[in-house]
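Residue numbers (the numbering used here), protein chains in the order written: chain A, 26 to 218; chain B, 5 to 339. Cβ coordinates follow ideal geometry from the N, Cα and C atoms, glycine included. The structure presented is a predicted model; accordingly, all values stated were derived computationally and were not measured. Have a look at the structure below, then the notes.
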Amino acid sequence: MAKSALQAGAPSFLREVIAETPGDPHLEACMQCGTCGGSCPSGADMDHTPRALFAMITAGMRERVLRSNAPWYCVSCYYCMERCPQDVHITDVMYTLKRLAIREGHFEDAKASRAPGFAKTFMEHVERYGRSFELGLMTRYYLRHRPLDAMKIAPLGLGLLRRKRLDLTPHKITQIGQLKAILARAAELDAVK
Amino acid sequence: MSYGYYPGCSLERNAGAYHSSLMAVARPLGLQFDEIQDWNCCGATEFIAVNRLQAYALVGRNLALAAQQMIPLQNGSVAKKPDLVAPCSACFLNLSKVNRYLGEDEALTIKVNSALEAGGLSYQAGSLRVRHLLDVMVNDVGYERIAAQVTRTLGALRLAPYYGCLVVRPGFEGRFDDGEYPTSLDKLLRALGAKVVDFPLKAHCCGGHMTQISADVALDLIRRLLKNAADYEADMIVTLCPMCQLNLDAFQEAVNERFGTNYQIPVLFFTQLMGLAFGLTPEAVGIGKELINARPALAKLGVAPPPEAEPVPTKRRRRNDKSLPMPQMPQEEQR
């Protein structure tokens with residue numbers, strides 16, 4: 026299915042965001058009603074609501090959009106997408122903005138800036154074992170990104186361990202070589218524009 | 005009825021009670037779940053935030069393996085697509101999202117398949133149907149057949165049905181319930197004899213990964229859910245997602261500490277309640293794995309819970325502190 030705005034001589038940043046989003050996000054159809062921001066559980070923490078961000082995308086305010094904390098506060102609840110009268114795939118667009126911001130090193134809000142670190146630590150474990158490894162993830166993420174909070178989270182980890190809800194060692198899938206080859210090829214292909 | 009089964013990482017350990025209770029209730033209901041061999045993580049909400057193609061290839065491998073393992077089992081009947089069932093909301097969302105967008109976005113499909121090729125795999129979009137476990141329970145099994153298995157009615161329990169986000173929204177692949185006010189879990193729990201309370205926030209967010217990233221955001225979302233369940237006098241919150249269970253259960257004490265509340269609302273999986281209603285022992289359905297003790301609530305059913313895990317040393321507010329007399333509403337005393 027062709028993405029509607031791609032042929033239409035749309036502003037270049039808008040075109041880029043649409044091209045980077047899987048499926049057709051209908052972003053050009055946003056009519057600025059604000060239902061998204063009004064439905065957002067973390068809207069109050071965002072510097073720009075999704076509605077404002079979309080206007081800024083259309084206006085080509087590339088850097089200010091990519092520096093916004095909004096995508097990092099998105100909890101991926103899909104309420105905005107459920108309610109959008111124009112069927113804009115808002116949550117998918119938020120993920121696109123996260124990827125662009127990471128690629129270009131823009132994530133400055135102090136609280137939100139933990140999100141890329143968490144995502145990357147999570148990915149390292151999946152790339153190595155094929156499955157998520159919660160104990161390793163928590164240990165590495167806290168020691169690397171939040172050393173002062175590590176002691177605060179320890180009792181919770183202990184409670185989960187006592188109830189046998191955390192593995193002490195990771196589960197490695199059998200065909201880990203196959204998965205690594207697939208992910209490596211995907212990374213190569215992603216770098217080609 | 006047989007299904008391809010994608011348990012997901014959480015059900016291996018952290019939400020082990022979800023897996024064991026599902027297996028325990030599958031037998032009497034005549035359901036067979038064949039686990040996809042050598043499946044990998046679905047990427048949760050993390051891969052897609054960093055690299056789009058890796059995120060899609062990661063899920064693509066699971067879909068390719070599932071198709072490879074399930075389609076030959078169909079004995080030539082091509083009338084029906086095989087069903088791949090995920091009990092975890094995030095896994096369900098990722099599998100169904102990739103299945104859907106690969107069908108819509110040709111350029112993306114070509115890239116994903118060329119990544120899969122590096123591992124000798126390929127996937128044709130839409131050759132499987134991705135479904136959530138709740139959908140299978142209410143639509144394939146049905147409320148009547150579930151009710152027919154009940155030997156221990158849950159009539160003594162007031163339950164808050166918690167759907168969270170991703171099972172009902174955004175409906176990437178077929179929709180079986182309302183996106184804002186779903187009712188299928190309500191009806192399932194009623195079929196078990198339970199009293200289901202109104203729970204207006206039933207499809208609101210538990211905070212997802214925000215418990216790890218910004219406690220300010222996550223704890224407030226969790227507090228609202230706990231307050232809502234408490235306002236409607238629920239004995240328990242019943243969930244269908246490992247992430248929701250973990251956030252509401254493991255961070256309930258953190259909510260109490262931050263907001264000066266004293267919630268002690270156990271959070272169980274719906275399959276655990278099904279098992280109890282089917283007469284299974286609490287051990288058989290993984291009771292005792294929860295951090296907020298489900299014993300006081302289960303005592304209302306007259307079931308003897310397994311021995312308690314060692315207490316966790318946390319700074320917990322004393323519940324019955326006589327030095328601070330609290331006013332009691334007359335109706336509370338009667339209950």
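Is it right to say T46 (chain A) is buried, meaning 16 or more other beta carbons lie within 10 angstroms of its own, or is it exposed?
Locating residue 46 (chain A) in the first sequence gives position 21, counting from the first residue. Residue burial annotation: T46 (chain A) is buried, with at least 16 other C-beta atoms found within 10 angstroms of its C-beta.
Within the continuous alpha helix (DSSP H) that includes H170 (chain A), where are the two ends?
Looking up residue 170 (chain A) in the first sequence gives position 145. Where H170 (chain A) is concerned, the enclosing alpha helix (DSSP H) starts and stops at E159 to H170.
For chain B, check one thing: does any of its Cβ atoms lie closer than 8 angstroms to the Cβ of V118 (chain A)?
Here residue 118 (chain A) corresponds to residue number 93 of the first sequence, with the count starting at 1. Proximity of V118 (chain A) to chain B, defined by a Cβ-Cβ separation below 8 angstroms, is not satisfied.
For a test of the three-state rule: what should DSSP assign to S218 (chain B), helix, strand or coil?
Position 214 of the second sequence, counting from 1, holds the residue named residue 218 (chain B). Here DSSP, grouped into helix, strand and coil, assigns S218 (chain B) to coil.
Between the C-alpha atoms of Y147 (chain B) and R139 (chain A), what's the straight-line distance to the nearest angstrom?
As a working mapping, residue 147 (chain B) is identified with position 143 in the second sequence. As a working mapping, residue 139 (chain A) is identified with position 114 in the first sequence. Approximately 44 angstroms, taken between the alpha carbons.
Kindly identify the DSSP beta-bridge partner or partners of R188 (chain A).
Translated into positions along the first sequence, residue 188 (chain A) becomes position 163. Per the DSSP secondary-structure output, R188 (chain A) pairs with nothing in a beta bridge.
Using 10 angstroms around the beta-carbon of Q128 (chain B), count the other beta-carbons present and answer buried if the total reaches 16, otherwise exposed.
Here residue 128 (chain B) refers to the residue found at position 124 when the second sequence is read from its first residue. When all chains shown are included, Q128 (chain B) counts as exposed.
Between the segment 162 to 180 of chain A and the segment 231 to 248 of chain B, can you find at least three pairs of beta-carbon atoms closer than 8 angstroms?
Cβ pair count under 8 angstroms is below three, so no.
Beta-carbon proximity list for E122 (chain A), same chain, < 6 angstroms, skipping 5 on both sides
For the purposes of this step, residue 122 (chain A) is taken as residue 97 along the first sequence, with counting starting at 1. With the sequence shown as reference, residue 122 (chain A) is identified as Leu, and Glu is not the correct amino acid for it. Taken in chain order, the residues that qualify are P96.
To which residues does DSSP link E39 (chain B) through a beta bridge?
Taking the first residue of the second sequence as position 1, residue 39 (chain B) is located at position 35. BP columns for E39 (chain B) point to B:Y9.
Just the Cα atoms here: how many angstroms apart are Q338 (chain B) and E294 (chain B)?
As a first step, residue 338 (chain B) must be located in the second sequence, where it is residue number 334. As a first step, residue 294 (chain B) must be located in the second sequence, where it is residue number 290. For Q338 (chain B), the pLDDT reaches just 48, beneath the cut-off of 50, and the residue's location in the model is therefore unreliable, leaving the point undetermined.
Answer yes or no: the CB of L189 (chain B) versus the heavy atoms of the ligand SAM, is any distance below 7 angstroms?
Among the components of this structure there are no ligands whatsoever, and the ligand SAM is therefore not found.
Determine which residues of the segment 153 to 164 of chain A have a Cβ less than 7 angstroms from any Cβ of chain B, and write them out in chain order.
Result list: G155, R156, S157 and E159.
Of all the options A:D215, A:A69 and A:R87, which has the alpha carbon lying nearest to the alpha carbon of H131 (chain A)?
Reading the first sequence from its first residue, position 106 is the one you call residue 131 (chain A). Here the closest residue by C-alpha is A:R87.
Close Cβ partners of G68 (chain A) (< 6 angstroms) along its chain, the five nearest in sequence each way excluded:
Here residue 68 (chain A) is taken as the residue at index 43 of the first sequence, counted from 1. The answer, listed in chain order, is G62 and T74.
Tell me which same chain residues have a C-beta within less than 6 angstroms of the C-beta of Q200 (chain A), skipping the five on either side of it?
As a working mapping, residue 200 (chain A) is identified with position 175 in the first sequence. Close CB contacts of Q200 (chain A) within its chain, under the 6 angstroms cut and outside five residues either way in sequence, are absent.
Does the count of Cβ pairs from the segment 108 to 120 of chain B and the segment 206 to 218 of chain A closer than 8 angstroms reach three?
The segment 108 to 120 of chain B makes contact with the segment 206 to 218 of chain A; the number of CB pairs closer than 8 angstroms reaches 3 or more.
At the level of alpha carbons, what is the spacing between A151 (chain B) and A195 (chain B)?
Taking the first residue of the second sequence as 1, we reach residue 151 (chain B) at position 147. Taking the first residue of the second sequence as 1, we reach residue 195 (chain B) at position 191. Taken atom to atom, the span from the alpha-carbon of A151 (chain B) to that of A195 (chain B) is near 5 angstroms.
Could you check the C-alpha separation between G202 (chain A) and R299 (chain B) for me, to the nearest Å?
For the purposes of this step, residue 202 (chain A) is taken as residue 177 along the first sequence, with counting starting at 1. For the purposes of this step, residue 299 (chain B) is taken as residue 295 along the second sequence, with counting starting at 1. The C-alpha of G202 (chain A) lies about 45 angstroms from the C-alpha of R299 (chain B).
Runs of 3 residues minimum, wholly inside the segment 183 to 246 of chain B: which ones carry the beta strand (DSSP E) assignment?
The segment 183 to 246 of chain B contains these whole beta strand (DSSP E) runs: 240 to 243.
Name the chain A residues that come within less than 7 angstroms of A30 (chain B), Cβ to Cβ?
Residue numbering aside, residue 30 (chain B) sits at position 26 when the second sequence is read from its first letter. Under a criterion of Cβ atoms nearer than 7 angstroms, no residue of chain A is adjacent to A30 (chain B); the nearest Cβ is some 22 angstroms distant.
Please decide whether A54 (chain A) counts as near chain B, where near means a Cβ-Cβ distance under 8 angstroms.
Position 29 of the first sequence, counted from the first residue, corresponds to residue 54 (chain A). Closer than 8 angstroms: no.
Based on the DSSP secondary-structure assignment, which residues constitute the bridge partners of V271 (chain B)?
On the second sequence, residue 271 (chain B) is found 267 positions in, with the first residue counted as 1. Partner(s): B:I241.
Below 9 angstroms on C-beta distance, what does V63 (chain B) contact in chain A?
Residue mapping note: residue 63 (chain B) aligns to position 59 of the second sequence, counting from 1. Taking the beta carbon of V63 (chain B) as reference, no residue of chain A falls within 9 angstroms; the closest one sits roughly 11 angstroms away.
Is the Cβ-Cβ distance between L189 (chain B) and V242 (chain B) less than 8 angstroms?
In the second sequence, counting from the first residue as 1, residue 189 (chain B) sits at position 185. In the second sequence, counting from the first residue as 1, residue 242 (chain B) sits at position 238. Going by C-beta atoms, L189 (chain B) is nearer than 8 angstroms to V242 (chain B).
Just confirm the distance between the C-beta atoms of G212 (chain B) and L88 (chain B), as a whole number of angstroms; I'd bet it's less than 8 angstroms.
Locating residue 212 (chain B) in the second sequence gives position 208, counting from the first residue. Locating residue 88 (chain B) in the second sequence gives position 84, counting from the first residue. Wrong, their Cβ atoms sit about 23 angstroms apart, outside the cutoff.
Indicate whether at least one CB of chain A lies closer than 8 angstroms to the CB of Q216 (chain B).
Here residue 216 (chain B) refers to the residue found at position 212 of the second sequence. It does: the Cβ of Q216 (chain B) has a partner Cβ on chain A nearer than 8 angstroms.
Interface residues of chain A around L302 (chain B) at Cβ under 9 angstroms?
For this step, residue 302 (chain B) is matched to residue 298 along the second sequence. Listed along the chain, the chain A residues whose CB falls inside 9 angstroms of the CB of L302 (chain B) amount to none; the nearest CB is some 16 angstroms away.
For a contact defined as C-beta to C-beta under 7 angstroms, what are the partners of K115 (chain B) on chain A?
Position 111 of the second sequence holds residue 115 (chain B). Listed along chain A are L214, each with a C-beta nearer than 7 angstroms to that of K115 (chain B).
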